Amino acid sequence: MRTEPRGTAPEPTRHIVIEPSILYFGTPVVLLSTENDDGTFNLAPISSAWALGQTVVLGLGRDGQTARNLGRRPDLVINLPAPDQWQAVERLAPLTGRDPVPATKAVGCRFEPDKFGAAGLCESPSEVVRPPRVAECPIQLEARAERVQPDVSGDFVIAETVVRKVHVDPRIVVPGTDHVDPAAWSPLIYNFRHYFGLGPELGHTYRSQTPRRPRHSVATSVA
1 MRTEPRGTAP
11 EPTRHIVIEP
21 SILYFGTPVV
31 LLSTENDDGT
41 FNLAPISSAW
51 ALGQTVVLGL
61 GRDGQTARNL
71 GRRPDLVINL
81 PAPDQWQAVE
91 RLAPLTGRDP
101 VPATKAVGCR
111 FEPDKFGAAG
121 LCESPSEVVR
131 PPRVAECPIQ
141 LEARAERVQP
151 DVSGDFVIAE
161 TVVRKVHVDP
171 RIVVPGTDHV
181 DPAAWSPLIY
191 NFRHYFGLGP
201 ELGHTYRSQT
211 PRRPRHSVAT
221 SVA
C-alpha cells in the first residue's frame, strides 16, 4: 500500500518562562450599565466577558461600583462597542462610581457620578431592565445577574448573567434572519491592555449556521 509522505517536523519552539502581571490575551470589551442606590446609572468597561448559550459570565473588580450594584440590583445591560469607539471606552477607564474611591483602585482613578456624560455616550431606554442601553453600541444585551459570587482568590467577583433581550444594529444582521453577520461585525478587543479590532475572516467552524451572503452584498462593517 502506498502512503503519502509525511511533512518534515518543524523545529521545536524555544519557549521561555515569564511571569506576566496580567493574562488579558485578547477578549472583547463590554460596557456594563447598572443601577446605583440613588436611582442613577453607572457605566463601566470590563474585558472579562464570555458567553455560554444565553448566559454571559462577567469578571469584575471586587471593590468597583458595578459589583456593588449587581449584588443589590441584578439588572444590567451588556453593551458591546465597536473598535472605533475605543476612545470612549478609555475615557471611562480612570473613573469609578464609588465615593470615596476605594484604596484598591489604581493611582489616578477618580470618582465620576455621570459616566455616560464623561464618555460622551448617550442613554437609550431598555425594555425589560431598568439600566439604560448605550445608544452608540452596535450590540446591546439586556440581562439579569442570577449569581454573583467571589472568585477563588477573593480579589474579584464573578457574575453569571442571563440575557433577556438582544438589540443589534441592523447593518450587522444578515437580512431576514436572527444571525449577526461576522463579516460586518467586529468587536473591540482588549489585548494585554491595548485595543484592537478584528482582521479579515480566516474561516468558520463546521457548526456555523450563519447564511453566507454574496461578497458584494455585505454591508460596510460597523467598526
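By the UniProt record's numbering, the letter at position 171 of the sequence shown is numbered 171, and the numbering carries on one by one without gaps.
For each residue, glycine too, the CB sits at the ideal point set by N, CA and C.
From a predicted model like this one, the values you see are computed outputs, not experimental measurements.
When the distance is taken between beta carbons, is residue j closer than 7 Å to residue i?
i, j, result
"residue 142", "residue 164", "yes"
"residue 132", "residue 124", "yes"
"residue 89", "residue 33", "no"
"residue 45", "residue 23", "no"
"residue 130", "residue 35", "yes"
"residue 188", "residue 94", "no"
"residue 156", "residue 62", "yes"
"residue 160", "residue 147", "yes"
Determine the DSSP secondary structure at residue i, reduced to helix, strand or coil.
i, result
"residue 31", "strand"
"residue 245", "The question about residue 245 has no answer here: the residues shown for the chain are numbered 1 through 223."
"residue 219", "Reliability fails at residue 219, whose pLDDT of 48 lies under 50, so the model's placement of it is uncertain and the value that follows must be treated cautiously. Three-state DSSP puts residue 219 in coil, outside helix and strand."
"residue 8", "coil"
"residue 55", "strand"
Alpha carbons only, please: which of the options is nearest the one belonging to residue i?
i, options, result
"residue 185", "72, 83, 64", "83"
"residue 210", "190, 201, 180, 193", "180"
"residue 194", "121, 98, 87", "87"
"residue 43", "126, 134, 154, 138", "134"
"residue 198", "183, 206, 208", "183"
"residue 70", "120, 150, 118", "150"
For the ligand FAD, is there a heavy atom less than 6 Å away from the beta-carbon of residue i?
i, result
"residue 132", "Looking for the ligand FAD in the displayed structure turns up nothing, as the structure carries no ligands at all."
With residue i and residue j assumed to form a contact (beta carbons below 8 Å), what rounded beta-carbon distance in angstroms separates them?
i, j, result
"residue 49", "residue 20", "Not confirmed; about 20 Å, so no contact."
"residue 74", "residue 144", "5 Å"
Q) Enumerated in chain order, which unbroken segments of the alpha helix (DSSP H) with a length of 4 residues or greater are wholly contained in the region 109-190? A) 115-119
Q | Secondary structure, alpha helix (DSSP H): runs of 4+ residues fully inside the region 77-103 | A | 86-92
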